[in-house]
Every structure is written in structure tokens, then in C-alpha cells.
Amino acid sequence: MAKIAINGFGRIGRSFFKAAYGMPDFGIVAINDLAEKDPAKLPWKKLGIDVVVESSGFFTTSEKAKVHLDAGAKRVVITAPATGDVVTALVGVNDDLFKKGHPLTCNASCTTNSVAPVLKVLLENFGIKKAAMTTVHGYTATQKLVDGPDSKDPRRGRAAALNIVPSTTGAAEAVIQSIPELAGKFQAESIRVPVITGSISVTTALVEKKTTREAVNDVFKKEVAKPRWAHVLKVTEDPIVVTDIVGEPYGAIVDTTLTQVLGGDLVKVFSWYDNEAGYTATLMEHVRRVAEGL
């Protein structure tokens, strides 16, 4: 049983705790909700911590996150896109990186986990010349509930529960980190909408191999049956809406009813995701892989 510590007990930290508590391969030993703001002073060595789930949102660079290692933890998993000497490892997408024993890994973002598996499947089965993604995303804590100033983006200063807000996303960079073949071929954007949780990513790809809507859907149906995509990728053939996927433990739920193919090579795939529960499911698998490598 791996000894797990959680640093930061916000929505993702709490969601991970609820999912991991009682699991036979995880032992939640400690939770630090910033009672101690300096990770170097945390008792990870004394507690014999194997993996720190860094979910505070403050330690997303290798320089900051490695302090957990200095405090005695064996591995650190960052629950957000990270920079520096941190490996972006996504279950099913670039699993080989888990075997290399990197001390600092990140599970990227919920949006990255909703689109990277889709792109990986398209890349492996049809080839990709270039691609773009738009996520229609529930609002988050980075936005304001009432109109007010925002130093980084005036749009994010508008009332989140009342507006459709065009925004940026770090998913483009994180996808390229996990699928290097798409460097210079992929871009992404986000549109925040008045939904507390639940999102949908719309991926459009110009593929190399001619295909049809039926062929694309058949590929995804076959792929989700493979062990590599457990808790990561799912397919639905029902005419669902966002409330139907709240609580679903998958990073991406491909909606085959919405798949489009134009001219045989322009493919559009829609993937639903609960940006909390779905992300937590992929995070659980990520932490499990890291722990297995100890």
C-alpha cells in the first residue's frame, strides 16, 4: 500500500480524497490544507510518504514542487499543468513515461485529459495533419461571480454565472508535451459558460487517411475496450446533455451521436467530461502508476 499525502484540500484535493479513501492500494496518511505553507517543513520523511498529491495550485513548477522531495517524499504528482523539469504523463497517452521513475510528474488539466486521448486515437488510426480544439467549460474559481476588475483578462472579471466568457486554456501546450508529434499542429481555446461543473471539448482534425463518420465511431468503440483506456476514455451513443455526465469517472466521454466527417478528411469529435470527477478518475490512475513504479 502506497502512503499518500495530499497538499492542498480544495475541490480537486477533496475529490481525490473521496475517491482514494478506503482503496486497498492507497493509504491516505496526511492532508495539509496550507496549515504549513512551506512544504520543506512538512513531515513527509517522518511519515514515510511515497507520493504527494500536490493540489494546492501554488506549487506548479519543478523548483517549487521539488521541495516536497527535499522534505522526504519519494514522488510528487501535480494536479495541474506544470513547468520546468516536470513530466506531463497521461494515462493511455504516454504511459511509457511512468516506467522511467520521474520524481516529478503532472496530470495536466481536466481539459487536457478530455482531448489528449481523442487526439491519440485519431493520430494512431488516421494520422493528423493539424488539429484544433474548443472546450465549452464550466466556470471556475479563476473567474468572478460579479463584475469586477481582473488584471490578467478583463473578460474573466465579468460575472461567471451570467456570461459566456471566451478564455484561454493551457491544454494546447500540455497536449503537445504528451503527444510531441502534434508540435506546431495543434491549438486550443476555451469558452467558459454558466455551468458549475461539466464540460465538452470539440476537437477538429484534418486527418491523413480518408475515413467516414461510421469508421471513426467504430474506432473509438474498439479503443475504449482496451485496458489502456480504463477510467480514461468512454463512448456514449445516447443523446445526452451536460447534467448526464456529472459524476462520471472518465477523462473523456466521446459522444458518437455528434461525430462529423466532412470530405473524408476533416473530422470533428465531441468529448464530454466532468471537469472534477472525470479529472479525479484520471488522477487516481496516474497516482497508481507512479506508486507502482516505486
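According to my numbering, the residues represented by the sequence shown are 1 to 294, in order. C-beta atoms are modelled at their ideal positions from N, C-alpha and C, and glycine is treated no differently.
What span of residues does the alpha helix (DSSP H) with residue i cover, start to end?
i	result
T218	Checking the sequence shown, residue 218 turns out to be Asp, not Thr. Run containing D218: 213 to 223, per the alpha helix (DSSP H) assignment.
S15	11 to 20
V287	277 to 292
K45	44 to 47
State the start and end residues of the unbroken beta strand (DSSP E) segment that holds residue i.
i	result
L262	260 to 262
H137	128 to 138
K268	266 to 273
V53	51 to 54
E189	186 to 193
I196	Per DSSP, I196 belongs to no beta strand (DSSP E) and is neither H nor E.
I4	2 to 7
V235	233 to 236
Which same chain residues, not among the five before or five after residue i, have their C-beta less than 6 Å away from its C-beta?
i	result
K221	V235
S190	T135, H137, S167, T169
From residue i to residue j, what does the alpha carbon distance come to, in whole angstroms?
i	j	result
G247	E276	8 Å
V261	N125	15 Å
K18	D265	43 Å
L283	V77	9 Å
A230	P149	42 Å
R11	I196	12 Å
H68	V29	15 Å
M1	Y139	36 Å
V146	P166	17 Å
A71	D85	18 Å
K100	D33	30 Å
D50	D25	12 Å
W272	T204	15 Å
L42	E36	7 Å
D218	K74	42 Å
A40	P249	33 Å
K66	G127	37 Å
G198	I240	12 Å
T257	K268	11 Å
S55	C106	10 Å
With residue i and residue j assumed to form a contact (beta carbons below 8 Å), what rounded beta-carbon distance in angstroms separates them?
i	j	result
L104	L182	Actually they are not in contact, since the Cβ atoms of L104 and L182 sit about 23 Å apart, beyond 8 Å.
L90	A108	6 Å
V53	T88	Between T88 and V53 the Cβ distance is about 16 Å, and since that is not below 8 Å, they are no contact.
T61	T83	5 Å
F270	V175	At roughly 17 Å, the Cβ-Cβ gap does not stay under 8 Å, so F270 and V175 are not in contact.
I31	A20	Contact doesn't hold; Cβ gap of about 11 Å is too wide.
S151	N94	Wrong, their Cβ atoms sit about 35 Å apart, outside the cutoff.
Taking 7 Å as the limit between beta carbons, can you name the residues of its chain near residue i, skipping five residues before and five after?
i	result
S15	E276, A277, T280
R315	Here the chain comprises residues numbered 1 to 294, so residue 315 is not present and cannot be evaluated.
### Message
As an exercise, report each continuous beta strand (DSSP E) stretch of at least 3 residues that is fully enclosed by the region 147 to 184, in chain order.
### Response
165 to 167
### Message
In chain order, what are the residue ranges of uninterrupted alpha helix (DSSP H) at least 4 long that sit wholly in the region 59 to 137?
### Response
62 to 70, 110 to 126
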